[in-house]
Amino acid sequence: PAAARAVGLPFVSSQASGSMCLSLSETAAARDCCFSFLPEEAHVARILQEFAANSPGNEKALCELQPEDFVEQVINGKVAVDDGDWVQPLFTQVGGKWRLCKLEVLYRLQDARGVPFPAFVDFVAAASDQSPQRNSHLQHTFCSFAVASLLRVDARLAEWSPKQREAMASGRVLTALNFTAKQLEAAIDAPTRFPELLSLEETEYDDEPEGLTELRCQAWKKFGALSLDDVKPSLADVEAWMSSGARSPDDVKPSPADVEALQAVAAAFVDNPPLTPAGRPYKALPAKYNHDLAAAQRFISDFRRARREHAEARGELKLAEDFCCYLIGVGYAPFARASLAEWRARHPEASAAIRSLGLKLIREGLDAGLDICLEVSFEDADVAWLHEAIPELGPRLIKQGGLSGSLALPHSLLEAHLLPSLGC
64 PAAARAVGLP
74 FVSSQASGSM
84 CLSLSETAAA
94 RDCCFSFLPE
104 EAHVARILQE
114 FAANSPGNEK
124 ALCELQPEDF
134 VEQVINGKVA
144 VDDGDWVQPL
154 FTQVGGKWRL
164 CKLEVLYRLQ
174 DARGVPFPAF
184 VDFVAAASDQ
194 SPQRNSHLQH
204 TFCSFAVASL
214 LRVDARLAEW
224 SPKQREAMAS
234 GRVLTALNFT
244 AKQLEAAIDA
254 PTRFPELLSL
264 EETEYDDEPE
274 GLTELRCQAW
284 KKFGALSLDD
294 VKPSLADVEA
304 WMSSGARSPD
314 DVKPSPADVE
324 ALQAVAAAFV
334 DNPPLTPAGR
344 PYKALPAKYN
354 HDLAAAQRFI
364 SDFRRARREH
374 AEARGELKLA
384 EDFCCYLIGV
394 GYAPFARASL
404 AEWRARHPEA
414 SAAIRSLGLK
424 LIREGLDAGL
434 DICLEVSFED
444 ADVAWLHEAI
454 PELGPRLIKQ
464 GGLSGSLALP
474 HSLLEAHLLP
484 SLGC
């Protein structure tokens, strides 16, 4: 609040919730002044690394459970620390430094480094439209678990002091929770006390339900933000992009050279994808995908509509790890950089095509008012070309994990471990 007044920005109080929020100037100087109190990436990483050093691994037997057994023994058995509500930090640049801007709730059992694999992944697949066979019990459990997580996080926020909530609000540090498109209605209906401090991330696991545009608009009106998670192109997206760019306006059909170029690009993704050190395909693009570029463009259109009705609506396009591999050459695996560099050298046309797709999508998102999150821990040099190509990206670029990588912290420990960094 003091920082806002120092640069002449209005400070707005939300009487209904007892929390505070800032109305921000567009100028970089005002933004840097207001957000310079947020903890830096290196400081947050030290907190998570110290915690993870004493974090036990997940029990192998629990990691190998089938979906129904996972529900009964782990979810209903309440085996996970904080019932699985752990948070991973996200960062944006303020005054040339990467600072905390968001916390995303990720499922963890005991190990700060990752989910109980493959049990949790198998559960999500079986409990969503990823499964070829509908399991209404698992789908209901999945939705109920997501809503319960939202309410638990909201209840912990209620236990914080007004000063602590004010610090989070004035820094615009939201806590994000994952919901599929079909679970959004349940999230909207949930009786939360501090929705302005919460954000929803729409995941790709379910198909789009009817009335999704209206649901999204309701979410933007109620919560601090709504983002589209794990966006990446499908093979159809790349082929359509190459096809549209391969002919001039007067062309009736592609020339033989155009056809040959299209076939070479398709082969680069289908027959010659990047490889692991063992020679297996790595991050090959899917033939179709729920959060492909067409889905991202529908989300952008919905956000534009929401902004007309609710000017304070916020959101992000979150580019999936697979997309980041092709876009900036960075993935989770230690061999990702070398693998993608080798693939780009062998297939420059395919690499240029997918980068062009990425630039177009980023520009469209920014123009609508969305921020852009790359869901990998990149270095500044990795995105220098992006900033050169799109100067307006600037502070609207977000990175997930940062120096702490995949590490997460139990949500109940935020008050003791992280809030002191905010001066609380």
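Residues 64 to 487 in the numbering used here are what the sequence shown lists, from first letter to last.
Every residue gets a Cβ at the ideal spot worked out from N, C-alpha and C, and that includes glycine.
Just so it is clear, the structure is predicted and the values come from calculations on it, not from any experiment.
Express the C-alpha separation of R459 and L380 in angstroms, rounding to a whole number.
Numbered from 1 along the sequence shown, position 317 holds the residue referred to as residue 380. Numbered from 1 along the sequence shown, position 396 holds the residue referred to as residue 459. Going from the Cα of L380 to the Cα of R459 covers about 11 Å.
Could you tell me whether the segment 180-191 touches the segment 127-134, using the rule of 3 or more Cβ pairs below 8 Å?
yes
How about the segment 397-407 and the segment 350-363: do they share at least three Cβ pairs that are nearer than 8 Å?
no
Grab me the residues of V393's own chain with a C-beta within less than 6 Å of its C-beta, minus the 5 sequence neighbours each way, in chain order.
The residue labelled residue 393 in the question sits at position 330 within the sequence shown. For V393, where only same-chain residues beyond five positions count, the Cβ hits under 6 Å are C387, V439, F441, D445.
May I have a chain-ordered list of the alpha helix (DSSP H) segments no shorter than 4 residues that lie completely inside the segment 200-267?
225-233, 247-252
Taking just the CA atoms, how far does C126 sit from A115?
Position 52 of the sequence shown holds residue 115. Position 63 of the sequence shown holds residue 126. When rounded, the distance between both Cα atoms is 19 Å.
Helix or strand or just coil, what does DSSP make of L390?
On the sequence shown, residue 390 is found 327 positions in, with the first residue counted as 1. In this structure, L390 counts as helix in the three-state DSSP scheme.
What does S290 pair with, by DSSP beta-bridge criteria?
As a position in the sequence shown, residue 290 is number 227, starting the count at 1. DSSP lists E264 as partners of S290.
Any contact of the segment 239-248 with the segment 262-281, i.e. 3+ C-beta pairs under 8 Å?
Touching, per the Cβ criterion.
Looking only at C-alpha atoms, which of P258, A416, C280, K295 sits nearest to A329?
What you label residue 329 is simply residue 266 of the sequence shown in a count that begins at 1. That would be A416, whose Cα lies nearest to the Cα of A329.
Distance check for K423 and L356, CA to CA, integer angstroms please.
Position 293 of the sequence shown, counted from the first residue, corresponds to residue 356. Position 360 of the sequence shown, counted from the first residue, corresponds to residue 423. Near 10 Å, if we compare the C-alpha coordinates of K423 and L356.
Should R377 go down as buried or exposed, given a rule of 16 or more other Cβ atoms within 10 Å for buried?
Here residue 377 refers to the residue found at position 314 of the sequence shown. The residue is buried, with at least 16 neighbouring Cβ atoms inside 10 Å.
Nearest CA to the CA of R371: which residue from C280, L261, I391?
Your numbering for residue 371 matches position 308 in the sequence shown. With distances taken between Cα atoms, R371 lies closest to C280.
Leaving out the 5 sequence neighbours to the left and right, which residues in its chain are closer than 6 Å to G421 when beta-carbon positions are compared?
Indexing the sequence shown from 1 puts residue 421 at position 358. For G421, where only same-chain residues beyond five positions count, the Cβ hits under 6 Å are L390.
Does the beta-carbon of K141 have 16 or more other beta-carbons within 10 angstroms, so that it is buried, or is it exposed?
On the sequence shown, residue 141 is found 78 positions in, with the first residue counted as 1. That one is exposed.
Can you check whether the CB of W448 is closer than 7 Å to the CB of A369?
In the sequence shown, residue 369 corresponds to position 306, counting from 1. In the sequence shown, residue 448 corresponds to position 385, counting from 1. With contacts defined by Cβ atoms closer than 7 Å, A369 and W448 do not form a contacting pair.
Let me confirm a value: G342 is counted as buried when at least 16 other C-beta atoms fall within 10 Å, else exposed. Which label applies?
Here residue 342 refers to the residue found at position 279 of the sequence shown. Answer is exposed; the Cβ neighbour count stays below 16.
Suppose you measure from the CA of W161 to the CA of D434; what does that come to, to the nearest Å?
The count along the sequence shown starts at 1 and reaches residue 161 at position 98. The count along the sequence shown starts at 1 and reaches residue 434 at position 371. Whole-angstrom Cα-Cα distance: 15 Å.
Just how far apart, CA to CA, sit R219 and R197?
In the sequence shown, residue 219 corresponds to position 156, counting from 1. In the sequence shown, residue 197 corresponds to position 134, counting from 1. Rounded to the nearest angstrom, the two C-alpha atoms are 34 Å apart.
If the criterion is Cβ atoms closer than 7 Å, does the pair P195 and N121 meet it?
Counting from 1 along the sequence shown, the entry for residue 195 is found at position 132. Counting from 1 along the sequence shown, the entry for residue 121 is found at position 58. No.
Whole angstroms are fine: how far does the CA of E264 sit from the CA of D365?
Taking the sequence shown and counting its residues from 1, one reaches residue 365 at position 302. Taking the sequence shown and counting its residues from 1, one reaches residue 264 at position 201. Using only the alpha carbons, I get a separation of about 15 Å.
Return the bridge partner residues of C126 from the DSSP annotation.
As a first step, residue 126 is located in the sequence shown; it is residue number 63 there, counting from the start. Answer is none; C126 lacks a bridge partner.
Might you give, ordered along the chain, the residues of its own chain that have their beta carbon closer than 7 Å to the beta carbon of A105, omitting 5 neighbours on each side?
Translated into the one-based positions of the sequence shown, residue 105 becomes position 42. For A105, where only same-chain residues beyond five positions count, the Cβ hits under 7 Å are L466.
Report the partner residues of Y170 according to the DSSP bridge assignment.
The residue you call residue 170 lines up with position 107 of the sequence shown. Answer by DSSP bridge pairing, in chain order: D148.
Less than 7 Å between C-beta atoms, sequence neighbours within five positions excluded: which residues of the same chain meet that for D313?
Within the sequence shown, numbered from 1, the residue matching residue 313 stands at position 250. Because D313 sits at a pLDDT of 44, beneath the cut-off of 50, its placement in the model cannot be relied upon, and the following sentence gives the value as read from the coordinates. There are no such residues.
From E412 to D217, what distance separates their C-alpha atoms?
Start at 1 with the first residue of the sequence shown, and residue 412 comes out as number 349. Start at 1 with the first residue of the sequence shown, and residue 217 comes out as number 154. Going by the C-alpha atoms only, they are around 48 Å apart.
Going along the chain, which residues of its own chain have a beta-carbon closer than 6 Å to the beta-carbon of G147, five neighbours each way excluded?
Here residue 147 corresponds to residue number 84 of the sequence shown, with the count starting at 1. Excluding positions up to five away in sequence, the list reads Y170.
Might you give, ordered along the chain, the residues of its own chain that have their beta carbon closer than 6 Å to the beta carbon of L476, omitting 5 neighbours on each side?
Here residue 476 is taken as the residue at index 413 of the sequence shown, counted from 1. Excluding sequence neighbours, L476 sits near nothing in its chain.
How would you write the range of the alpha helix (DSSP H) that Q112 sits in, first residue to last?
Position 49 of the sequence shown, counted from the start, is the residue given in the question as residue 112. Note, Q112: alpha helix (DSSP H), 104-116.
Using the Cβ count rule (16 or more neighbours within 10 Å means buried), how would you classify R228?
Mapped onto the sequence shown, residue 228 falls at position 165. With 16 or more other CB atoms across the displayed protein chains lying within 10 angstroms of its CB, R228 is buried.
Whose C-beta lies closer than 7 Å to the C-beta of A359 among residues of the same chain, with five residues either side of it excluded?
Your numbering for residue 359 matches position 296 in the sequence shown. Contacts found: L291, V294, L380, L424.
What span of residues does the beta strand (DSSP E) with I461 cover, start to end?
Working through the sequence shown from its first residue, we reach residue 461 at position 398. Note, I461: beta strand (DSSP E), 460-463.
Within a Cβ cutoff of 6 Å, which residues of the same chain sit near A331, ignoring the five residues on either side of it in sequence?
Taking the sequence shown and counting its residues from 1, one reaches residue 331 at position 268. Within the same chain, A331 has close Cβ partners H410, A413.
Taking Cβ positions, are S419 and Y345 nearer each other than 7 Å?
Residue numbering aside, residue 419 sits at position 356 when the sequence shown is read from its first letter. Residue numbering aside, residue 345 sits at position 282 when the sequence shown is read from its first letter. Cβ atoms of S419 and Y345: not closer than 7 Å.
Could you compute how far the alpha carbon of L237 sits from the alpha carbon of A327?
For the purposes of this step, residue 237 is taken as residue 174 along the sequence shown, with counting starting at 1. For the purposes of this step, residue 327 is taken as residue 264 along the sequence shown, with counting starting at 1. In a straight line, the C-alpha of L237 is about 44 Å away from that of A327.
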